[in-house]
Amino acid sequence: MTEGLSEEPITERHWRVLETCRRLQHEGRKLILLERAQADELTHLSGLQGLSRTLSQEWPGADIVTWSLEGRGDADFPGILQALSSGFGDVIFAGQHAYELKVSGASLQSRCAQSDRNVWFVSGGGRGVTASCVSRLARMQPDSVFLLAGRSPIVEWPQHLPVMTDIKSLRMALIQDAKARGLKPALPDIDRQAKVLLASAEIRQTLNAIETAGAEAVYLRTDVSDADGLKHAMQDAVAQYGPVTGLIHGAGVLADSLADKKTPEDVQRVFLPKVEGLLSILACLDISRLRHVGLFSSAAAVFGNVGQSDYAMANAWLNAVARELSHQLSDAIVKSFCWGPWEGGMVDDTLAAHFAQRGIQLISLEDGARIFADQILFGEPSETELVIGDEWTS
Ligand SMILES: NC(=O)c1ccc[n+]([C@@H]2O[C@H](COP(=O)([O-])OP(=O)(O)OC[C@H]3O[C@@H](n4cnc5c(N)ncnc54)[C@H](OP(=O)(O)O)[C@@H]3O)[C@@H](O)[C@H]2O)c1
22 MTEGLSEEPI TERHWRVLET CRRLQHEGRK LILLERAQAD ELTHLSGLQG
72 LSRTLSQEWP GADIVTWSLE GRGDADFPGI LQALSSGFGD VIFAGQHAYE
122 LKVSGASLQS RCAQSDRNVW FVSGGGRGVT ASCVSRLARM QPDSVFLLAG
172 RSPIVEWPQH LPVMTDIKSL RMALIQDAKA RGLKPALPDI DRQAKVLLAS
222 AEIRQTLNAI ETAGAEAVYL RTDVSDADGL KHAMQDAVAQ YGPVTGLIHG
272 AGVLADSLAD KKTPEDVQRV FLPKVEGLLS ILACLDISRL RHVGLFSSAA
322 AVFGNVGQSD YAMANAWLNA VARELSHQLS DAIVKSFCWG PWEGGMVDDT
372 LAAHFAQRGI QLISLEDGAR IFADQILFGE PSETELVIGD EWTS
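All the letters of the sequence shown, read from the start, carry residue numbers 22 to 415 under my numbering.
Have a look at this one:
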């Protein structure tokens with residue numbers, strides 16, 4: 022199957038590969054997914070390893086592998102023939118590195134303020150596990166500016182409500198408050214209101230933690246997959262604080278369901294922040310200024326994970342991007358953090374119980390943040406892909 026090499030837009034292309042696998046698997050065929058291991062445009066890279074490893078778990082007995090071709094198609098043909106005859110698993114066919122990456126933010130370069138400080142752009146940095154990582158980083162690099170990007174608004178906590186962090190108690194308090202004012206609250210509205218309040222409180226807490234560490238923190242309310250909105254926000258920030266020297270991409274969402282049930286909308290939901298978001302971010306940065314790049318990937322990309330075919334592909338694509346950026350930015354530390362599950366963020370009680378059942382330990386906020394900050398500042402530059410946490414099996 023060669024869809025992985027096609028020129029279609031990146032999200033549609035991955036959906037099409039998933040859909041095609043689904044069709045061919047029902048015909049009982051061996052599936053070999055071909056993808057580029059290198060490319061001059063990041064949109065030409067794929068995350069098909071994440072797909073084949075997830076589908077192998079969801080469809081026990083299915084014969085499905087990914088072959089990644091390096092260079093400009095001058096792949097090692099004897100190697101391919103050998104792989105075909107011996108039934109290899111996933112393979113990277115080595116060739117010469119033959120591409121110059123074309124990513125530019127030329128429009129921002131001339132108008133930015135100059136600064137010796139590190140200026141970090143952190144997608145998803147206001148809350149979740151990325152926020153813990155950034156707070157730790159701020160303690161180690163207080164002479165920095167942190168531009169935290171997220172969609173959530175910052176709102177005032179209602180004066181008459183006690184501050185709380187548990188969503189169930191907050192929902193109850195909001196219902197009682199509405200009733201006391203003679204209103205009949207709809208539960209979905211209450212739930213939305215509670216989530217906005219908690220997200221906002223978490224963002225304030227992150228901003229406070231960074232400021233307390235002595236660094237400067239700025240919240241940019243922006244959706245990173247909205248290329249125009251992001252460009253405007255970034256232009257203003259770069260004009261004020263100077264060029265971005267550190268990129269942390271933590272924005273991400275889940276849309277878990279088995280591959281047989283996946284819809285194009287699921288794939289889009291997952292790809293928008295992680296994949297389209299990173300492309301938008303890189304398009305408005307001067308990447309030659311980057312000294313540190315940290316991409317929040319997942320162990321699902323490396324081992325596969327039932328229900329996460331789209332998420333595993335998106336994260337495997339991040340890993341491929343990290344390899345490409347690391348190759349192009351020889352003076353920068355570039356890391357793709359393939360996290361196992363954390364004790365926080367998108368791992369709710371149900372997911373935590375699921376991992377506990379499989380004997381997979383959760384990464385504590387403290388350990389994860391420490392590993393992140395050490396690696397992004399002082400990690401070995403040649404180690405691009407880091408798998409953190411227990412190894413997974415199906
Ligand atoms: N937690 C884990 O166990 C785990 C494991 C492996 C990998 N990861 C990765 O780590 C990253 C953070 O995960 P988390 O657990 O902290 O999840 P989370 O608590 O759900 O946080 C997700 C973060 O991404 C932001 N975000 C989502 N869509 C966005 C968009 N379109 N534009 C800007 N920001 C957006 C969210 O902010 P807004 O909602 O305000 O936009 C939030 O800050 C993700 O990329 C995830 O895939 C997490």
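Beta carbons: idealized from backbone N, C-alpha and C, even for Gly.
- For the beta strand (DSSP E) assignment, the uninterrupted runs of no fewer than 3 residues enclosed by the stretch 208-276 are, from N- to C-terminal side, 237-242 and 267-270.
- Taking all protein chains in view, the Cβ of Ala152 is crowded by 16 or more other Cβ atoms within 10 Å, so the residue is classified as buried.
- CA-to-CA, the gap between Pro264 and Arg202 works out to about 50 Å.
- For Gly68 against Ala322, the beta-carbon gap comes to about 7 Å, under 8 Å, which counts as contact.
- In the assembly as shown, Asn139 is a buried residue. Its beta-carbon has 16 or more other beta-carbons within 10 Å.
- Considering only Leu299, Pro362 and Val296, the residue with the shortest C-alpha distance to Phe324 is Pro362.
- Spanning the alpha carbons of Ile354 and Gly267 requires a straight line of approximately 10 Å.
- For a cut-off of 8 Å, the C-beta gap from Thr284 to Ser347 is around 34 Å, too long to register as a contact.
- At least one heavy atom of ligand 1 lies closer than 7 Å to the C-beta of Leu293.
- Beta-bridge partners assigned by DSSP to His313: Gly267 and Ile354.
- Relative to the non-hydrogen atoms of ligand 1, the Cβ of Val140 never comes closer than 7 Å to any of them.
- Gln70 is classed as buried because its beta carbon has at least 16 other beta carbons within 10 Å across all chains shown.
- Between Gly380 and Ala320 a beta carbon distance of about 14 Å is seen, past the 8 Å cut, so the two are scored as non-contacting.
- With respect to the 8 Å criterion, Pro294 and Val274 are classified as neighbours on the basis of their beta carbons.
- For Arg57, the enclosing beta strand (DSSP E) stretches over residues Leu52 to Arg57.
- The beta carbons of Thr243 and Leu219 sit no closer together than 8 Å.
- If the five residues before and after Leu182 are omitted, its C-beta is found closer than 7 Å to the C-beta atoms of Ala194 and Asp198, all from its own chain and listed in chain order.
- Annotation: the continuous beta strand (DSSP E) that includes Ala170 extends over Ser165 to Gly171.
- Rounded to the nearest whole angstrom, the CA to CA distance from Gln378 to Glu33 is 35 Å.
- Going by DSSP, Leu204 is part of no beta strand (DSSP E) at all; its letter is neither H nor E.
- Here Met334 is buried: its Cβ has 16 or more other Cβ atoms, across all protein chains shown, within 10 Å.
- Using a cutoff of 7 Å, the CB of Arg310 does not count as near ligand 1, since none of the ligand's heavy atoms is closer than that.
- Looking at the DSSP output, Val143 shares a beta bridge with Leu169 and Ile269.
- Out of Lys252, Ser357 and Ala341, the CA that lies nearest to the CA of Leu306 is found in Lys252.
- In terms of Cβ geometry, Leu311 and Leu350 form a close pair [threshold 8 Å].
- In the DSSP assignment, Val86 falls outside any alpha helix (DSSP H) and lies within the beta strand (DSSP E) extending over Ile85 to Leu90.
- Collapsing the DSSP output to three states places Leu383 in coil.
- Residue environment analysis places Leu191 among the buried positions, since at least 16 neighbouring C-beta atoms fall within 10 angstroms of its C-beta.
- Note that the C-beta distance between Phe167 and Glu237 is below 8 Å.
- Set against 7 Å, the gap from the CB of Ser67 to the closest heavy atom of ligand 1 is not smaller.
- In the DSSP assignment, the residues bridged to Val408 are Cys359.
- Here the alpha carbon of Phe317 sits roughly 20 Å from the alpha carbon of Val239.
- Across the set Ser221, His65 and Val342, the C-alpha of Ser221 shows the shortest separation from the C-alpha of Leu241.
- Beta-bridge partners of Ile113 (DSSP): Ser89.
- Taking C-beta separations shorter than 8 Å and ignoring five residues to either side along the sequence, the partners of Ile211 in its chain run Arg192, Leu195, Ile196 and Ala199, following chain order.
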